[in-house]
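Heads up, the sequence shown stops at 122 in full-length UniProt numbering, and the numbers go up one at a time, no gaps.
A virtual CB, placed ideally from N, CA and C, is assigned to each residue, including glycine.
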Amino acid sequence: MSLIDWNSLPKAAGMRAGSVRQAVCAEQMSAVRVETAPDAAFDGKTHWHDNEQMLVMISGEVTLVIDDQTVVCRPGDLVFFPPGSRHAATAVGPQGAVYYEIFAPARCDQLPGWIGSSVLRY
């Protein structure tokens with residue numbers, strides 16, 4: 001068993017302007033904590049990967065498009081992304097947002113300092 005204090009993990013620039021991320025990676029799954037600035041401008045660039053993904057919304061709002069369906073995520077929401085689903089984050093609410101992303105298999109490409117290739121496809 002491992003107990004991890006998110007506050008002890010290094011912060012790195014997020015995939016999108018106005019966001020920072022912290023990541024942990026185990027053998028079979030990974031988790032990322034994302035914080036975004038209020039009204040951060042997300043590029044809305046659709047991508048996909050072979051990983052299962054879940055997003056757990058903690059605070060604020062994020063608008064997602066998943067396989068052409070738009071959903072506004074609010075605190076307490078849990079969103080499941082099937083492997084291969086085409087998705088994008090398109091907007092952040094006026095309070096910013098905090099959410100966790102969980103991936104299986106693990107996405108070690110989210111770790112700060114990763115120099116390998118990304119699993120993302122556009």
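Pair within 8 Å by beta-carbon distance, residue i and residue j
i           : j           : result
residue 31  : residue 102 : yes
residue 61  : residue 72  : yes
residue 119 : residue 36  : no
Straight-line gap, residue i to residue j (C-alpha atoms, nearest Å)
i           : j          : result
residue 105 : residue 39 : 31 Å
residue 59  : residue 95 : 8 Å
residue 5   : residue 25 : 14 Å
residue 33  : residue 19 : 10 Å
residue 1   : residue 68 : 39 Å
residue 122 : residue 27 : 26 Å
Residue closest to residue i, alpha-carbon to alpha-carbon, out of the options
i           : options            : result
residue 113 : 55, 21, 61 and 122 : 21
residue 100 : 56, 117 and 107    : 56
Touching by the beta-carbon criterion (3+ pairs, under 8 Å), the region 84-93 and the region 40-56: Proximity of the region 84-93 to the region 40-56 meets the contact definition, three or more beta-carbon pairs being nearer than 8 Å.
The region 1-20 / the region 67-82 touching (three or more Cβ pairs under 8 Å): no
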